[in-house]
Structure formats: C-alpha cells, structure tokens
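Numbered by my numbering, the letters in the sequence shown go through residues 152 to 402 in order.
By construction, the Cβ of each residue, glycine as well, lies at the ideal position given by its N, Cα and C atoms.
Structure first, commentary second.
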Amino acid sequence: MKKDQGHTPPLHFVEPSMVLGNQIILTREAYRHALAQRLSPGEAFRAVLGETEYSAVVEAVLPGKLLASITGRMRVTPPAVRIHLYSALLKHQSLDLVVEKATELGVAAFTPIVTNRTIPRLSEEKALARKDRWARVAKAAAQQSGRGWLPEINRVSTLEEVLDRGVPGVPLLAHEHEGFTVHIGSATKGHAEVSIIVGPEGGLDASEVERLLAKGFIPVSLGPYILKAETAGIAAVAVLMSFMSGCSREP
C-alpha cells in the first residue's frame, strides 16, 4: 500500500556517481537512509547534489541500491537570512546537540571556539575528528528537517583567531545581563546576515567581553533567565531567525 503522498517528500544528499542521466541510484549511506524511511516503488523523494535539487520517484528497491527516475530539477536557493554561530567548545557531546538543532533551525555556518573558560582542549587530530562528526550530524539534521543546503562547519578556532579574521554581518555577543544589552530586534533590524558568539559553561571572562565590545560586538540578551551553554546556542539561532525571517539578503 502506498503512503500518503500529501506529505513533504523526504530529502537525500547524493554524490555525483548516484545521478546518471535521468535516473538516481541510491547506494551506501543514502540507500540505508532510504530503507530507514521505508521508501517503496511509486513514492517520491528529493535528492540534492550541490546546487541542484532533483524530484524523483522510486522505481525499484534492490539489494544494496534503490533505483529512481528523475521527474524534475530546480536550483537550490540559499536562504535570505544567514546566521553564523560561534559556540564555545562544551563538555562531552553537548555540542553535537547544538549543531543538530541549529541546523534544523536554519543556521548558515557553525564555528566552535576555544575561550579562557573552555574545558575541552582538543589536539589537532581530535579537533579534525570532531569537525567530521559535526558535519555528519549537520547532514543528518538537514535531511531530517528537509532543508536543501548544508551549513558550513568550520574548524575549531580560538577566540583570538576569530577576532583577527573578523566575522560576517552584524557582530553580536550573547550576554546574560539584560540591563547591559541591546534589544536583539533593534540590533538586527534591516540586516540579513549576523554572527553571534556564545560562551562556554561559566560564560566568557571579563577580559574577553571587553575585547569583544572593543571590536564592535553588540551585547544582546536571549531572555530573562540564565541558560545552559548548549541551550543558549540553540536559542540564539531560534531568536535571531524569528526576528530576521522577514529580511532579504543584502547585495
């Protein structure tokens, strides 16, 4: 029995070798993802390769591969709002949750940062392994949420490196003291691209806050309560998306 076709077709990110003429052949991870979704002949799905999104209909599900015919093509359009999240490294796997939920909410780029109070101190090898893991987490979250473009996952950087490079868009600092902050709606009004820094457990220290303010970062509040670091990163993207969703991209 065919599933209800009124739902949004599931999405898969595919490799060039999986698109052959007017046919898509899902193998390996994409095939396993399709099996998990119980795709069967006659059902529709979307496949994204780079900047192209394909509409496809399943023809057959065979051992190790799924065959589908392409029924349409369209260009993947980047969203009008671009939010860059700079989140301090967190203990255990808390940052996996931040990457997952920020991706679902529409974050454009994610950069993990090391600050004075950051507890995890990663070797270069471990930092690269974490980056690969966060990329996998983001891909799975993008597929689950149906967004046709992946967020940029950047390497682990120190706060000093971020300040030296500069950040795109309006520079924001998530700050817990409301009396010291600018309303987030006022700070982002008329802008379609922002960068926000979220500190670790215990927050940024006074010297780091001073340096950020001196560099032009605008302190903004995420609400009246003190949030856990992982909650703050997710809330930052959600709040910014809410205020900026009506913006169009600046040239």
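THR332 by DSSP, collapsed to three states: which one? Along the sequence shown, one-based indexing puts residue 332 at 181. It is coil, neither helix nor strand.
Can you check the stretch 196-271 for any beta strand (DSSP E) of at least 3 residues that lies completely inside it and give the ranges in chain order? Given a length threshold of 3 residues, each whole run of the beta strand (DSSP E) inside the stretch 196-271 is given here in chain order: 203-213, 216-226, 233-239, 260-265.
Can you name, in chain order, every residue of its own chain whose Cβ lies under 8 Å from the Cβ of THR203, other than the five neighbours on each side? If you number the sequence shown from 1, residue 203 lands on position 52. Answer for THR203: ARG224, MET225, ARG226, VAL227, listed in chain order.
Report the partner residues of PHE164 according to the DSSP bridge assignment. The residue given as residue 164 occupies position 13 in the sequence shown. Within the DSSP secondary-structure output, PHE164 pairs in a beta bridge with VAL199.
Drop a sphere of 10 angstroms on the beta-carbon of ALA365, count the other beta-carbons inside from all chains shown, and report buried for 16 or more, exposed for fewer. As a working mapping, residue 365 is identified with position 214 in the sequence shown. With fewer than 16 other Cβ atoms within 10 Å, it is exposed.
Check whether the stretch 319-328 touches the stretch 240-252, taking contact to mean three or more Cβ pairs, one atom from each stretch, closer than 8 Å. Counting Cβ pairs under 8 Å, fewer than three are found: no touch.
So, with DSSP's three-state summary, where would you put VAL170? By 1-based counting over the sequence shown, the position of residue 170 is 19. VAL170 falls in the strand class under three-state DSSP.
Should the stretch 312-323 be called in touch with the stretch 280-290, which here means at least 3 C-beta pairs below 8 Å? With a cut-off of 8 Å, the stretch 280-290 and the stretch 312-323 do not count as touching, because too few Cβ pairs lie within range.
For LEU177, three-class secondary structure by DSSP: Here the question's residue 177 lines up with position 26 in the sequence shown. DSSP places LEU177 in strand when its eight states are reduced to three.
ILE176 versus GLY257, VAL208, ASP356, LEU256, residue with shortest Cα-Cα distance: Looking up residue 176 in the sequence shown gives position 25. Closest option to ILE176, Cα to Cα, is VAL208.
Where does VAL249 land, buried or exposed, given buried means 16+ other C-beta within 10 angstroms? Translated into the one-based positions of the sequence shown, residue 249 becomes position 98. When all chains shown are included, VAL249 counts as buried.
Is DSSP giving ALA389 helix, strand or coil here? Counting from one through the sequence shown, the residue named residue 389 turns up at place 238. In this structure, ALA389 counts as helix in the three-state DSSP scheme.
Answer yes if the stretch 359-375 comes into contact with the stretch 252-264, meaning at least three C-beta pairs across the two stretches below 8 Å, and no otherwise. Counting C-beta pairs with one atom in each stretch, the stretch 252-264 and the stretch 359-375 have fewer than three that are closer than 8 Å, which means they do not touch.
Cβ separation of ALA380 and PRO351, assumed to be a contact under 8 Å, to the nearest whole Å: Here the question's residue 380 lines up with position 229 in the sequence shown. Here the question's residue 351 lines up with position 200 in the sequence shown. About 6 Å separates the two Cβ atoms, so the contact holds.
Pairing CB atoms from the stretch 291-307 with CB atoms from the stretch 339-350, are three or more of them under 8 Å? No, because fewer than three Cβ pairs between the stretch 291-307 and the stretch 339-350 fall closer than 8 Å, the two stretches do not touch.
Beta-carbon within less than 6 Å of VAL318's beta-carbon, same chain only, minus the 5 sequence neighbours each way: which residues are those? For the purposes of this step, residue 318 is identified with residue 167 of the sequence shown, where counting begins at 1. So the list reads SER346, once near-sequence residues are dropped.
Buried or exposed: which applies to GLY374, given that a residue is buried once 16 or more other Cβ atoms fall within 10 Å of its Cβ? As a first step, residue 374 must be located in the sequence shown, where it is residue number 223. Taking all protein chains shown into account, GLY374 has fewer than 16 neighbouring C-beta atoms within 10 Å of its C-beta and is therefore exposed.
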